[in-house]
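*Asks:* When the letters of the sequence shown are read in order and numbered with the working numbering, they come out as residues 131 to 440. Have a look at this one before I ask anything.
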Amino acid sequence: MQISIVVPCFNEQEVLPETIARLTQLLSSLAASHGASGHSALYFVDDGSSDSTWAIIEAAAAQDPRVHGIKLSRNRGHQLALLAGLLTVPGDAVVSVDADLQDDLAAIPAMVSDFRAGTDIVFGVRRKRTVDTLFKRLSAEGYYRILKWLGVEVVFNHADYRLLSRRALEALGEYPEVNMFLRGVISQLGFRTSIVYYERQERFAGESKYPLRKMLALAWNGVTSFSAAPLRAITSLGFLVSLASIGVTLWALTVRIFTDRAVPGWASTVVPIYFLGGVQLLSIGMVGEYVAKIYAESKRRPRYFIDRTI
Ligand code: UDP
Ligand code: MG
Numbered sequence: 131m132q133i134s135i136v137v138p139c140f141n142e143q144e145v146l147p148e149t150i151a152r153l154t155q156l157l158s159s160l161a162a163s164h165g166a167s168g169h170s171a172l173y174f175v176d177d178g179s180s181d182s183t184w185a186i187i188e189a190a191a192a193q194d195p196r197v198h199g200i201k202l203s204r205n206r207g208h209q210l211a212l213l214a215g216l217l218t219v220p221g222d223a224v225v226s227v228d229a230d231l232q233d234d235l236a237a238i239p240a241m242v243s244d245f246r247a248g249t250d251i252v253f254g255v256r257r258k259r260t261v262d263t264l265f266k267r268l269s270a271e272g273y274y275r276i277l278k279w280l281g282v283e284v285v286f287n288h289a290d291y292r293l294l295s296r297r298a299l300e301a302l303g304e305y306p307e308v309n310m311f312l313r314g315v316i317s318q319l320g321f322r323t324s325i326v327y328y329e330r331q332e333r334f335a336g337e338s339k340y341p342l343r344k345m346l347a348l349a350w351n352g353v354t355s356f357s358a359a360p361l362r363a364i365t366s367l368g369f370l371v372s373l374a375s376i377g378v379t380l381w382a383l384t385v386r387i388f389t390d391r392a393v394p395g396w397a398s399t400v401v402p403i404y405f406l407g408g409v410q411l412l413s414i415g416m417v418g419e420y421v422a423k424i425y426a427e428s429k430r431r432p433r434y435f436i437d438r439t440i
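In structure tokens, the structure reads:
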């Protein structure tokens with residue numbers, strides 16, 4: 131049984147030596163206790179880092195034949211870097227884990243055990259988020275709830291720490307989208323799944339490579355790639371506004387016919403104009419979001435290029 135571990139890395143020079151040390155140790159123990167074959171290996175995907183990340187990977191690969199590197203031609207973002215690794219590496223099962231050691235590596239043997247018991251997808255799920263900032267915790271958990279409410283299937287508090295069998299990886303390879311939101315796609319694959327819980331750790335070193343901007347982009351992508359609910363909400367909104375305008379018309383007529391207070395209204399003219407203008411702009415913007423997505427997908431542009439592998 132060949133196990134591969136894929137680690138996307140973007141400017142991770144501070145943590146990488148420690149990550150490599152811990153993961154090679156883990157490989158040895160997997161070989162000893164869980165029947166991982168000698169071909170089991172680590173694959174570090176360098177997502178266009180500008181620091182010495184690639185040099186560290188090269189040096190480690192020169193020392194240990196179980197360490198490999200996949201260098202992307204430029205920064206493509208976490209999801210595509212991970213995808214590049216997943217679709218490139220060999221192995222009966224592939225585990226993906228972040229470079230920063232926030233995902234407790236002790237969960238990997240449990241994932242491998244589940245895989246040996248016949249599971250295709252093992253989700254690593256954070257039990258608590260005690261080390262995350264209050265903002266991160268609330269925004270992330272709120273986000274999972276919104277996704278669920280919008281009808282997007284995701285495993286609560288599961289990020290990109292998981293094991294995939296060869297079968298599941300082949301299924302993943304059938305998804306051609308450029309706007310890849312792996313959590314959403316993988317929840318759609320089906321097959322036998324299970325969950326392994328772990329405690330979320332502090333980042334071992336270095337800073338988060340997910341600034342708020344990237345985080346919001348990922349969150350937005352998760353919604354618009356998997357849910358047409360915002361588009362449908364526009365229809366409902368349009369319907370409500372139409373109903374409201376019938377009401378307003380009736381009211382205006384009543385005032386005009388049955389009372390003598392019918393001063394030609396400024397408010398009743400201007401308010402609807404502003405209101406409808408707002409609704410229309412919002413709706414057009416919303417539709418535009420999806421059109422932009424169709425635009426990006428219809429070009430069928432390649433998702434990444436691999437510069438070098440070792
Ligand atoms: N990452 C990447 N490309 C990017 C941004 C991040 O490959 O453009 C990697 C990063 O090196 C790390 C993982 O994605 O291995 C998760 O990033 P990070 O730990 O900074 O995110 P956080 O845990 O703060 O959400
Ligand atoms: Mg992290």
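Backbone N, C-alpha and C define an ideal beta-carbon position, used for all residues, glycine too. Note that the coordinates shown come from a computational prediction; the quantities given were computed from them, not determined experimentally.
Within 10 angstroms of the Cβ of Arg257, are there 16 or more other Cβ atoms? Answer buried if so, exposed if not.
*Replies:* Within the sequence shown, numbered from 1, the residue matching residue 257 stands at position 127. When all chains shown are included, Arg257 counts as exposed.
*Asks:* Got a list of residues with beta-carbon closer than 6 Å to any non-hydrogen atom of the ligand UDP, in chain order?
*Replies:* Ordered along the chain, the selected set is Pro138, Cys139, Phe140, Glu142, Asp177, Asn205, Gly207, His208, Ala211, Asp228, Ala229, Asp230, Gln232, Ser338, Lys339 and Tyr340.
*Asks:* Run through DSSP, which three-state label would Ala358 get?
*Replies:* As a working note, residue 358 is residue 228 in the sequence shown. Coil, per DSSP.
*Asks:* Would you mind reading off the limits of the alpha helix (DSSP H) that contains Arg259?
*Replies:* Indexing the sequence shown from 1 puts residue 259 at position 129. That residue, Arg259, is in no alpha helix (DSSP H); it is neither H nor E in DSSP.
*Asks:* Using only CA atoms, which one of Gln143, Phe174 and Ile135 lies nearest to Ile436?
*Replies:* Here residue 436 is taken as the residue at index 306 of the sequence shown, counted from 1. With distances taken between Cα atoms, Ile436 lies closest to Phe174.
*Asks:* In three-state DSSP terms, what is Tyr420?
*Replies:* The residue given as residue 420 occupies position 290 in the sequence shown. Tyr420: helix per DSSP, three-state reduction.
*Asks:* Give every residue of the same chain whose Cβ lies closer than 7 Å to the Cβ of Leu156, excluding the five residues on either side of it in the sequence, and list them in chain order.
*Replies:* Position 26 of the sequence shown, counted from the first residue, corresponds to residue 156. Answer for Leu156: Leu235 and Ile238, listed in chain order.
*Asks:* The beta strand (DSSP E) spanning Ala223 covers which residue range?
*Replies:* Looking up residue 223 in the sequence shown gives position 93. Element bounds for Ala223: Ala223 to Ser226.
*Asks:* Give the DSSP bridge partners of Ser134, in chain order.
*Replies:* Against the sequence shown, residue 134 aligns to sequence position 4. Note: Ser134 sits in a beta bridge opposite Ala171 and Val224.
*Asks:* Report, in whole angstroms, the separation of the C-beta atoms of Leu361 and Met416, which I expect to be a contact under 8 Å.
*Replies:* The sequence position of residue 361 within the sequence shown is 231, counting from 1. The sequence position of residue 416 within the sequence shown is 286, counting from 1. Leu361 to Met416, Cβ: 7 Å. Contact.
*Asks:* Could you please give the first and the last residue of the uninterrupted beta strand (DSSP E) stretch that includes Ser159?
*Replies:* The residue you call residue 159 lines up with position 29 of the sequence shown. No beta strand (DSSP E) contains Ser159, which is instead part of the alpha helix (DSSP H) from Leu146 to Ser163.
*Asks:* When the Cα of Arg259 is compared with those of Asn351, Glu332, Leu216 and Ile276, which residue comes out closest?
*Replies:* Here the question's residue 259 lines up with position 129 in the sequence shown. That would be Glu332, whose Cα lies nearest to the Cα of Arg259.
*Asks:* Looking at C-alpha atoms only, which residue of Pro195, Val227 and Leu216 is the closest neighbour of Asp290?
*Replies:* Here residue 290 corresponds to residue number 160 of the sequence shown, with the count starting at 1. For the residues Pro195, Val227 and Leu216, the minimum Cα distance to Asp290 belongs to Val227.
*Asks:* Can the beta-carbon of Arg196 be found less than 8 Å from the beta-carbon of Leu216?
*Replies:* Taking the first residue of the sequence shown as position 1, residue 196 is located at position 66. Taking the first residue of the sequence shown as position 1, residue 216 is located at position 86. The answer is no: Cβ separation not under 8 Å.
*Asks:* For the ligand MG, I want to know if Arg333 counts as a neighbour, meaning its beta carbon is within less than 7 Å of at least one of the ligand's heavy atoms.
*Replies:* Position 203 of the sequence shown, counted from the first residue, corresponds to residue 333. Yes, the Cβ of Arg333 comes within 7 Å of a heavy atom of the ligand MG.
*Asks:* Mapping DSSP to helix, strand and coil, what is Leu235?
*Replies:* For the purposes of this step, residue 235 is taken as the residue at position 105 of the sequence shown. Coil at Leu235, not helix or strand.
*Asks:* Can you tell me which of the three DSSP states Phe311 falls into?
*Replies:* Taking the first residue of the sequence shown as position 1, residue 311 is located at position 181. Three-state DSSP puts Phe311 in coil, outside helix and strand.
*Asks:* For Asp176, which of helix, strand or coil comes out of DSSP?
*Replies:* As a first step, residue 176 is located in the sequence shown; it is residue number 46 there, counting from the start. Looking at Asp176 - three-state DSSP - the assignment turns out to be strand.
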